[in-house]
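Just below is one structure, and these are the notes that go with it.
Numbering (my numbering), first residue to last: 449 to 551.
Below you can see the structure in the form of structure tokens.
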């Protein structure tokens with residue numbers, strides 16, 4: 449018998465209640481940002497972003513294993529581009545850099 453979480457890819461499927469342990473400071477920070485009612489959605493979105501990052505890192509490692517390391521000048525160019533996007537005025541509203549929901 450398969451468990452419900454095996455039937456859905458990351459980011460899909462019905463919500464299911466689980467128990468996790470978080471540091472008290474993280475709990476406080478989340479509640480201050482989204483309140484108690486938004487807590488689960490905030491944590492779920494954070495988990496989904498981490499899974500995406502893990503998958504991206506795996507893809508980058510596979511590419512590097514197949515094609516060799518990314519040249520330093522391209523790494524530098526990517527870092528410069530990221531810094532310019534991160535400092536864009538439209539992302540500086542409110543409390544500075546913040547993530548935007550992907551559509």
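For each residue, glycine too, the CB sits at the ideal point set by N, CA and C.
- Of all alpha-carbon atoms in 481, 510, 507, 499, the one lying nearest the alpha-carbon of residue 457 is that of 499.
- Annotated three-state conformation of residue 537 is helix, per DSSP.
- A distance below 6 Å between beta-carbons, with the five flanking residues on each side excluded, links residue 482 to the following residues of its chain, in chain order: 490.
- Taking the Cβ atoms as the reference, residue 518 lies roughly 7 Å from residue 512, within the contact range of under 8 Å.
- Residue 496 sits close to residue 459, with the two beta carbons spaced by under 8 Å.
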